[in-house]
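> According to our numbering, the sequence shown is numbered sequentially starting from 2.
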Amino acid sequence: MNKNPTYIDLFAGCGGLSLGLYNAGWKGLFAIEKSPDAFKTLKHNLIDKKSHFNWPKWLGEPGHLEIEAVIEKHKEQLKDLQGKVDLVAGGPPCQGFSMAGRRNENDHRNNLIKSYIDFIEIVKPKILFFENVKGFTLEFKKNRDKGKEYSLFVQKSLEDSGYYVKGELINFGEYGIPQKRTRFILVGVRKDIPKASEELVANFFYTIKANTCSFLNEKNLSIDSNLQDAISDLLKENELRESPDTKSYQAGTYSKQNSPYQVFMRKGVDKEIADSHRFPKHRPDIIEKFLAIISDSGRKNKDVSKDLRQRYNIKKHTVIPLDGVQKSPTITTLPDDYIHYSEPRILTVREYARIQSFPDWYEFQGKYTTGGKLRTKEVPRYSQIGNAIPPLFGEQCGIVLKEMVN
2 MNKNPTYIDL FAGCGGLSLG LYNAGWKGLF AIEKSPDAFK TLKHNLIDKK
52 SHFNWPKWLG EPGHLEIEAV IEKHKEQLKD LQGKVDLVAG GPPCQGFSMA
102 GRRNENDHRN NLIKSYIDFI EIVKPKILFF ENVKGFTLEF KKNRDKGKEY
152 SLFVQKSLED SGYYVKGELI NFGEYGIPQK RTRFILVGVR KDIPKASEEL
202 VANFFYTIKA NTCSFLNEKN LSIDSNLQDA ISDLLKENEL RESPDTKSYQ
252 AGTYSKQNSP YQVFMRKGVD KEIADSHRFP KHRPDIIEKF LAIISDSGRK
302 NKDVSKDLRQ RYNIKKHTVI PLDGVQKSPT ITTLPDDYIH YSEPRILTVR
352 EYARIQSFPD WYEFQGKYTT GGKLRTKEVP RYSQIGNAIP PLFGEQCGIV
402 LKEMVN
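(1) Considering only residues of the same chain and omitting the five flanking positions on each side of Ile400, which have a CB-CB separation below 6 Å?
(2) Three-state secondary structure (DSSP) at Glu243?
(3) Does DSSP put Arg182 in a helix, in a strand, or in coil?
(4) Would you call the CB atoms of Pro261 and Asn221 closer than 7 Å?
(5) Can you list, in chain order, the stretches of the alpha helix (DSSP H) that have 4 or more residues and sit fully within the stretch 51-84?
(6) Relative to the alpha-carbon of Phe1, which residue among Val190, Asp38, Val124 has its alpha-carbon at the smallest distance?
(7) Going along the chain, which unbroken runs of the alpha helix (DSSP H) with 4 or more residues stay wholly within the stretch 277-352?
(8) Suppose only complete runs of 4+ residues qualify. What are the alpha helix (DSSP H) ranges in the stretch 191-264, listed by chain order?
(9) Pull up the DSSP beta-bridge partners for Glu169, would you.
(10) When DSSP builds the beta bridges, which residues end up paired with Asn407?
(11) Tell me the residue span of the beta strand (DSSP E) that contains Gly29.
(12) Between the stretch 334-343 and the stretch 253-269, do at least 3 Cβ pairs fall closer than 8 Å?
(13) Using 10 angstroms around the beta-carbon of Ser358, count the other beta-carbons present and answer buried if the total reaches 16, otherwise exposed.
(14) Between Arg284, Lys301, Gly168, Gln78, which has its C-alpha nearest Arg329's C-alpha?
(15) Under a three-way DSSP split, which group does Asp10 fall into?
(16) By alpha-carbon positions, which one of Pro245, Glu122, Lys307 ends up nearest to Arg191?
(17) Leaving out the 5 sequence neighbours to the left and right, which residues in its chain are closer than 8 Å to Ile224 when beta-carbon positions are compared?
(18) How far does the beta strand (DSSP E) with Ala90 in it reach, from first residue to last?
(19) Using only the alpha-carbon positions, how far apart do Arg310 and Leu11 sit?
(20) In or out: Asn388 buried (at least 16 other Cβ within 10 Å) or exposed?
(21) Can you tell me which of the three DSSP states Asn24 falls into?
(22) Hey, Ile347 and Pro281: beta-carbon distance below 7 Å or not?
(23) Taking the C-alpha atoms as reference points, what is the distance between Gly14 and Glu219?
(24) Can you check DSSP and say which residues form a bridge with Leu129?
(25) Run through DSSP, which three-state label would Val270 get?
(26) Using 8 Å for Cβ pairs, my map puts Pro93 next to Tyr117. What's the rounded Cβ distance?
(27) Using a Cβ-Cβ cutoff of less than 8 Å, which residues in the same chain neighbour Ala293 once the five nearest sequence positions on both sides are dropped?
(28) Hey, quick one: how far does the alpha helix (DSSP H) through Ala39 stretch, first residue to last?
(29) Terminal residues of the continuous alpha helix (DSSP H) containing Lys157?
(30) For Lys374, report the span of its alpha helix (DSSP H) as first-last.
(31) Among the candidates Ser152, Tyr369, Thr42, whose CA atom is the shortest distance from the CA of Glu34?
(32) Rank Ser36, Ile186, Glu160 by C-alpha distance to the C-alpha of Asp193 and give the top, closest one.
(33) Go to Tyr117, then tell me how far its alpha helix (DSSP H) extends in each direction, as first and last residue.
(34) Considering only the alpha carbon of each residue, which of His318, Pro126, Lys181 lies closest to Tyr165?
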């Protein structure tokens with residue numbers, strides 16, 4: 002059996018899927034990620050710490066890359082990889098399809114779908130794994146001439162390229178993630194491979210669901226892990242210290258571990274202060290407003306009430322007080338959309354990471370936040386996490402994909 006099958010991660014972000022595949026026993030060849038900020042986090046953890054990628058010399062030193070440039074400059078080297086790559090994984094940026102923002106069929110990032118398909122057609126991996134937002138399966142209002150859904154366009158393109166494919170919507174909360182997060186997952190296998198079939202691809206979705214309980218049991222985790230299970234050892238009421246990476250801010254120390262999920266997240270970490278657990282500086286009037294929102298207990302995990310909007314002149318589109326005993330709603334790249342379930346503040350980067358199942362040893366790089374025109378250029382820590390595939394889900398996928406390859 003091939004113990005360490007190989008893969009390439011496209012649109013890799015900060016490395017959520019790569020971390021999951023690493024934990025499932027895969028070996029990375031290289032990762033393509035346009036953002037210098039997000040790639041810095043991936044490099045710090047999976048290249049510098051773990052030596053996870055066999056980075057090819059022809060691609061230069063590990064750094065941020067654009068997929069179009071890689072295809073244009075290295076097409077011959079990519080062709081040489083045919084027959085040598087087990088998996089190409091990853092999903093193009095989703096902002097043009099996302100239900101959380103303004104769906105825009107003319108968003109230039111939607112064109113990266115074509116780059117993804119071009120890459121698949123050149124490298125011809127044995128299997129492929131594609132992820133995108135739930136809105137990827139919905140019709141654009143002006144999209145009559147292009148077909149009803151981009152998901153159907155991708156499936157047909159990959160079938161025409163020689164793959165059996167199947168896509169489904171999956172709620173990561175059903176796989177032990179303390180968050181309700183539904184995404185479109187597509188898996189494919191090359192038709193010319195012996196034993197390849199539509200049934201093999203369809204079996205991926207059956208198997209990953211059937212394996213979930215045993216997978217989580219082995220790690221002493223529960224499918225029902227909730228927000229409190231994820232972050233209750235990271236409260237601000239614990240002892241505060243100066244933030245190690247931002248001297249003018251305070252960071253939080255760990256309290257005792259209150260759940261198996263926290264035990265799992267903190268494995269291999271012996272620091273007093275969690276990485277990226279820097280608290281925001283809220284004005285007194287903001288704290289007062291947050292306290293009122295938290296006390297409006299009937300609105301947990303729902304947008305703030307009209308009464309409170311009027312009382313505090315809240316213009317922001319989304320303000321959601323979180324419920325500690327439920328799974329978190331889907332976290333976005335905007336941390337001020339959510340208020341902590343028991344403290345008058347937004348979540349920290351580390352709390353975001355816990356909700357997405359990044360272990361505490363995984364350290365985030367770059368700015369904490371950005372704003373204005375820089376939003377289109379920079380990918381700060383909150384955004385890196387909000388865009389990621391939860392590593393715990395990625396690992397479950399990696400185990401089943403490994404079985405498919407073998």
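Beta carbons: idealized from backbone N, C-alpha and C, even for Gly.
Reading off the structure:
(1) Cβ within range, chain order: Ala25.
(2) strand
(3) In the three-state DSSP reduction, Arg182 falls in the coil class, being neither helix nor strand.
(4) yes
(5) 68-74, 76-80
(6) No information on residue 1 is available, as it lies outside the stretch 2 to 407 that the chain covers here.
(7) 285-296, 307-312
(8) 199-219, 228-232
(9) Ile186
(10) For Asn407, which the question treats as bridged, DSSP gives no partner whatsoever.
(11) 28-33
(12) no
(13) buried
(14) The residue asked about is misnamed: residue 329 is Ser in this sequence, not Arg. Between Ser329 and the set Arg284, Lys301, Gly168, Gln78, the nearest pair of CA atoms involves Lys301.
(15) strand
(16) Glu122
(17) Glu175, Tyr176, Gly177, Thr213, Cys214, Leu217
(18) Its beta strand (DSSP E) spans residues 88-90.
(19) 41 Å
(20) buried
(21) helix
(22) yes
(23) 28 Å
(24) Leu129 has Val89, Gly189 as its beta-bridge partners, per DSSP.
(25) Looking at Val270 - three-state DSSP - the assignment turns out to be coil, as it is neither helix nor strand.
(26) 5 Å
(27) Leu309, Arg312, Tyr313
(28) 37-43
(29) Judged by DSSP secondary structure, Lys157 falls within the alpha helix (DSSP H) whose first and last residues are 151-161.
(30) Per DSSP, Lys374 belongs to no alpha helix (DSSP H) and is neither H nor E.
(31) Thr42
(32) Glu160
(33) 113-124
(34) Pro126
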